[in-house]
Amino acid sequence: MYAYDELDRTLLHERVEEFRDQVKRRLSGELTEDEFKILRLQNGVYLQLHAYMFRVAIPYGTLSSKQLRALAHVARRYDRGYGHFTTRQNIQFNWIKLAELPDALADLAEVGIHAMQTSGNNMRNVTSDQWAGVAPGEVEDPRIWSELLRQHTTLHPEFSFLPRKFKIAITASEHDRAAIKIHDIGLRLHKNADGETGFEVLVGGGLGRTPFIAKTIKPFVHGRDILSYVEAILRVYNQYGRRDNIYKARIKILVHELGIEKFGKEVEEEWQQLRDSALTLDDAAIEEVRSRFSYPAYEKLPHMPDELKQAAHDPVFERWRKNSVFPHKVQGYSIVTLSLKPVGGPPGDATAEQMDVIADLADRYSFGEIRVGHEQNLALPHVAKRDLPALWKALDKAGLATPNVNLVSDIIACPGLDYCSLANARSIPIAQELTRRFANHDTAGLIGRLHINISGCINACGHHHVGHIGILGVEKNGEEFYQITIGGRADESAALGTLIGPSVPYAEVADVVEDIVEAYLALRDSPDELFIDTVKRLGVEPFRERVYATR
Amino acid sequence: MTSPLEQKKIRITGPSVVTANRTRDGVVIYRTAQQGWSAQLADAAIVRTSDDARALLAEAVADDVGAIGAYIAPVEIKDNGVIAPGNLREHIRSEGLTIELPVSA
Amino acid sequence: MPLVKNGKIATDIYVHVADDAQIPANGAILVPAGRFLEDPEALLKRPDKVGVLWPNNRDLDDLVPYLDRLAAVALVFPSFRDGRAYSQARLLRERYRYRGELRATGQVLRDQFVFMLRAGFDALDVKKEKDADAFADTVKRYTVFYQPTGDGRATALSRRTQLRHSESASP
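Which chain is which? The protein sequence lines are R, L and Y, in order. Remember, the working numbering sits 38 above the position in the first sequence when you count from 1. Remember, the working numbering sits 1 above the position in the second sequence when you count from 1. Remember, the working numbering sits 19 above the position in the third sequence when you count from 1.
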């Protein structure tokens, strides 16, 4: 956990008071909506269909139990008793009142949480691997660097009015759980031949109307230079990114139009001017941030405790354990994913009561720490294996032990037309219907790893382009239709999905997905071949044939 | 931001209302015939010509303090005179989500 | 449009010369970039102060050779959402060591004052009277800053490492 010091706390309080003044001026008419809009966006406040939506940052997906309780408190006191975890390690509240927002922010500031720059054309929440610091084989904890970048990009005087929003993600593992290749800047932490820590820097990834997979701009930037290098990228983007067309304003378009070589050259020139400056991080500065991350005092525990051996006789427990429990870097401990995808439920939602339960369980079993992943699930990162049976019972009671992590019903979905003013079609009911179709956990287990991603419009908040099966809502003559792609993925082998055929009406989406899954089961060369690999091997055509043969 | 009034082609094809969200709490509101706002679609002023729609919208937009994002939305007038939302989006805005909330509201 | 200079409401001594207007023989002038570049040497020979109004989509390279002879550079915010002039301001101050008046013009609003000062502006053509009156209070909103910029304010990181250093140095 990163512990805020007096300076971080002061800044948060100053920000809250500034926003309080801005809201007051808005409600009195001193600020027009046009003037106020960017100010509220920079504090995470959108206007949606029914009300304001309030997006709170969970930097690099790490939360303390105290912070989670504060989120539960906000859900209860200022909203309707629940929150929605997003694909960018944020949480959204859907029913907030503008007049009460400063108080909600003040309550969150007490526990060191904020909503700064969770929207608007500035640097968004810096995200990372939800298993940072606990994943086996990690180069080092990427959150140290995430926090350095978070601070550097918070209220940045030069980059608070960029052409468009800007997202950074960091990973330090072979397997990318942070989806860095679909970010404006993706950072892959690794060591050079001399054993020094640095980053492969990728740039220009993003989804939306014009999706791109990020390209490597520099294979190795030394850790001490990462702030100056990011600053150089942002400066080039701030000056040359397009501002004439909102759909062409992201850095991916600039990178695409200039080409990565030319863009890289511009950045390199700028960086040569910037690199030896106050932005260079000396060891003391890095150490300063590192020192404020605390790590649990792990016990020396057996790899296979008796409690686990005993519980293995219960097939229901075993199914959950095999699905939701993952290896930890310390022997005797596990990472436990908490599925927020119950059958028939809206993906990523948690009630205030569930948040409180999770906070209590984190205190009891996970050194008070919770993680949020981009798949819209939570995790307890430090669970002693002997505690798994007891934890499972408690999670099951709270509806948090659905054994569908990474399976077909572990769906990523945006809020869609039920909430969002940008959406063309609904996402949540589609997801709910799919979870009902695949409610049988044995069948889901047989199908194996399969990511379904649903977006209610081209802005792609549900990351449909990189779903193994991607579903995009569109509008056709006032009716909801859905385009379906297959073969996308968001990990280290990131790829964009391919359209399988004409869009289908709302009522047929679940049937089509079932057909695709059946086609896969018939086409795979062995039970070990994952859906995504079958699509890669055979292409879209055999799937298209089967799905559209009868339509 | 382009003012909705600058969108030259305000053309309606059927009965319409002007709707927005209330500034202080975001609640969905409808412009009434009495130069005010109501949270009930039943209270909305109905316009049937493009000129009337433009005039009602102009009046609504002028209230920048009270309301955000005013626009013209289609409605359907039922045989019994009841005003119903004219499309799914407006239906959701007026009647609420098509799914159950994770907790009872 | 009140001018706030070095923290106080001030009188604008510059005559803003339009693209096609006659350039006055005397007095401080602020001329558009294109006009200035037509014959910079002639303008710079005038006995009184010369400032240039520089658009936010034009490279600074053409301006740099004249910086030490310019009394003012005015950068433009055509909309408060367009942040290009923040980069230009930092480049002028931090890379090209420009020390004259650096003015923000256009949509200059209260809620961007702190950013502008941090980027190196020392004169603001504030759009609203009320915002200019609130200047002193507004710029006191923040006491903690994370980024090093040319304005010289200590960053949170440097304050921390200093504190740590003094703690470990004390007996």
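All C-beta atoms, glycine included, are put in the ideal place defined by N, C-alpha and C.
Original post:
Taking 7 Å as the CB-CB limit, is threonine 168/Y close to chain R?
Top reply: yes
**OP:** Would you mind listing the alpha helix (DSSP H) stretches within the stretch 212-294 of chain R that are 4+ residues and don't spill past its ends, in chain order?
**Re:** 264-278
**OP:** Would you mind stating whether leucine 77/R and aspartate 130/Y have Cβ atoms separated by less than 7 Å?
**Re:** yes
**OP:** Reducing DSSP to helix, strand and coil, say where alanine 557/R ends up.
**Re:** helix
**OP:** Please confirm whether serine 266/R and arginine 313/R have their CB atoms less than 7 Å apart.
**Re:** yes
Subject >> Beta-carbon gap between alanine 47/Y and valine 71/Y smaller than 7 Å >> reply: no
**OP:** For leucine 139/R, decide whether its Cβ has a neighbour in chain Y, counting only Cβ atoms nearer than 7 Å.
**Re:** no
**OP:** Report the option in Leu65/R, Thr165/R, Ile208/R whose CA atom is closest to the CA atom of valine 177/R.
**Re:** Ile208/R
Subject >> Run of the beta strand (DSSP E) containing alanine 533/R, from where it starts to where it stops >> reply: From DSSP, alanine 533/R is part of no beta strand (DSSP E); its letter is neither H nor E.
**OP:** Please state if the CB of isoleucine 450/R and the CB of histidine 501/R are separated by a distance shorter than 7 Å.
**Re:** yes
Original post:
For the alpha helix (DSSP H) that arginine 359/R lies in, which residues bound it at each end?
Top reply: 353-362
Original post:
Can you find a C-beta in chain Y that's less than 7 Å from the C-beta of arginine 262/R?
Top reply: no
Original post:
Per DSSP, what kind of secondary structure is valine 578/R in: helix, strand or coil?
Top reply: coil
Original post:
Smallest Cα separation from alanine 40/L: which of Ala54/L, Arg23/L, Val48/L?
Top reply: Arg23/L
Original post:
Run through DSSP, which three-state label would methionine 135/Y get?
Top reply: helix
**OP:** Would you mind telling me which residues of chain R sit closer than 9 Å to isoleucine 100/L, beta carbon to beta carbon, in chain order?
**Re:** Pro384, Asp456, Arg464, Ile466, Pro467, Gln470
Original post:
Hey, which unbroken runs of the alpha helix (DSSP H) at 4 residues or more fall wholly within the stretch 31-57 of chain Y?
Top reply: 52-57
Subject >> Closer than 7 Å to chain R by CB, glycine 46/Y >> reply: no
Original post:
Which runs of the beta strand (DSSP E) spanning at least 3 residues fall entirely within the stretch 62-118 of chain Y, listed in chain order?
Top reply: 69-73, 91-96
Original post:
Between the Cα of glycine 577/R and the Cα atoms of Thr588/R, Ala349/R, Ile554/R, which residue gives the shortest distance?
Top reply: Ile554/R
Original post:
Considering only the beta carbon of each residue, do leucine 50/R and histidine 152/R sit closer than 7 Å?
Top reply: yes
Original post:
Out of curiosity, what's the CA-to-CA distance linking threonine 48/R and arginine 12/L?
Top reply: 52 Å
Original post:
Looking only at C-alpha atoms, which of Ile47/L, Leu58/L, Asp53/L, Ala63/L sits nearest to glycine 82/L?
Top reply: Ile47/L
Subject >> Closer than 7 Å at the beta carbon, the chain L residues around threonine 590/R >> reply: Outside the displayed span of chain R (39 to 589) sits residue 590/R, for which this structure offers no information.
Original post:
With respect to 6 Å, is the separation between the Cβ of aspartate 344/R and the closest non-hydrogen atom of the ligand FMN below this value?
Top reply: With respect to the ligand FMN, the structure offers nothing, as it holds no ligand at all.
Original post:
Does isoleucine 13/L get closer than 7 Å to chain R when you measure Cβ to Cβ?
Top reply: no
Original post:
Nearest chain Y C-beta to leucine 49/R closer than 7 Å, yes or no?
Top reply: yes
**OP:** Rounded to whole angstroms, what's the CA-CA distance from glycine 505/R to arginine 172/Y? Just pull it up for me.
**Re:** 46 Å
**OP:** Excluding the 5 residues preceding and the 5 following phenylalanine 405/R in the sequence, name in chain order all residues of the same chain whose CB lies nearer than 7 Å to its CB.
**Re:** Pro334, His420
**OP:** Consult DSSP for arginine 527/R and reduce its assignment to one of helix, strand or coil.
**Re:** strand
Original post:
Roughly how many angstroms lie between the CA atoms of glutamate 325/R and arginine 183/Y, to the nearest whole one?
Top reply: 11 Å
**OP:** Taking a Cβ distance cut-off of 8 Å, strictly less, list which residues of the stretch 264-280 of chain R are near chain C, in chain order.
**Re:** Considering every chain present, this structure includes no chain C. Its protein chains are R, L and Y.
**OP:** Report the three-state DSSP secondary structure of leucine 147/Y (helix, strand or coil).
**Re:** It should be noted that the sequence gives lysine, not leucine, for residue 147/Y. Residue state, collapsed to three classes: coil.
Original post:
Mind checking if methionine 2/L is an interface residue toward chain R, Cβ cutoff 7 Å exclusive?
Top reply: With a pLDDT of 45 at methionine 2/L, under the threshold of 50, the modelled position of this residue cannot be trusted, and the question is left open.
**OP:** Give the secondary structure of arginine 64/R by DSSP, where H, G and I count as helix, E and B as strand, and everything else as coil.
**Re:** helix
Subject >> Proximity winner among Phe581/R, Val395/R, Asp529/R, relative to valine 550/R (alpha-carbon distances) >> reply: Phe581/R
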